[in-house]
């Protein structure tokens, strides 16, 4: 007999992870739209899997905040309300700012060839530009989401990575629902430039600007201009966007 033996439960865990990734992908690209009820048996048939790993995957996505339990049975794709978006940005903003600061610090203190993640970050910017040029919005959003995730990876901070992992599914969903203006690609390029230069505070400041703009774009895309003043985290129309000093997130 050759090959590595599968530990008890290992195969099921792998299938559960595959099912989770695929259902998450279908939610983010809106094949499963907001409010859609997901039936375990039907999802299992679509994925050509047994119901057990699919059941585990759906439970995991409830924990991630992409699905919500129905009152009696089953799950549905979560609808993002204005308060949900406000709460998400309240948490993501300081984490994103600190991630960029720590990534820049990692670059500043490492040997030039010791951070392959920097090349990966540059590659994601290029991928987003190609997707935008080809008018492939889904691929562009995927590249931008991966860009933010790669910044976190570049920090080398496992606690930050685990914390951001809790938000990643909801951020992907949100990014896929909003517009992706060209100026936000330029902001990513600025963030990369400061991180690559090892300039911690410039990286933090450019990230703060980007997250604030991202929030404004998301609120306008999802709820219209009238929703900006109702979030409790600032109104970009009047210039009241809350604290803007990235040093607050040190």
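Residue numbers (the numbering used here): 35 to 284.
By construction, the Cβ of each residue, glycine as well, lies at the ideal position given by its N, Cα and C atoms.
Within the same chain, Cβ atoms closer than 7 Å to the Cβ of residue 81 are found at 53, 56 and 88, the five residues on either side in sequence being excluded.
DSSP, reduced to helix, strand and coil, places residue 170 outside both helices and strands of the structure shown, so it counts as coil. Inter-segment contact for the stretch 122-138 and the stretch 184-194 is present: three or more beta-carbon pairs are separated by less than 8 Å.
Pairing residue 64 with residue 210 gives a Cβ-Cβ distance under 9 Å. The stretch 149-165 and the stretch 198-208 do not touch, with fewer than three beta-carbon pairs separated by less than 8 Å.
Residue 127 is classed as buried because its beta carbon has at least 16 other beta carbons within 10 Å across all chains shown. Looking at the backbone, the Cα of residue 235 and that of residue 67 are separated by about 39 Å. Annotated three-state conformation of residue 71 is strand, per DSSP. The beta carbons of residue 141 and residue 78 sit no closer together than 9 Å.
Secondary structure within the stretch 102-147: the beta strand (DSSP E) runs of 3 or more consecutive residues, fully enclosed, are 109-111 (chain order).
Secondary structure of residue 214 (DSSP, three-state): coil. Contact between residue 177 and residue 158 is confirmed by a C-beta separation of about 5 Å, below the 8 Å threshold. Here residue 198 carries a helix assignment [DSSP, helix/strand/coil].
Sequence-distant partners of residue 130 (beyond 5 residues in either direction) whose C-beta falls short of 6 Å from its own C-beta, in its chain, are 241 and 245.
Beta-carbon to beta-carbon, residue 60 and residue 108 are separated by about 16 Å, too far to satisfy the 8 Å threshold.
The residue among 219, 189 and 145 with its C-alpha nearest the C-alpha of residue 164 is 219. Contact annotation: residue 133 and residue 179 have beta-carbon atoms that are not nearer than 9 Å.
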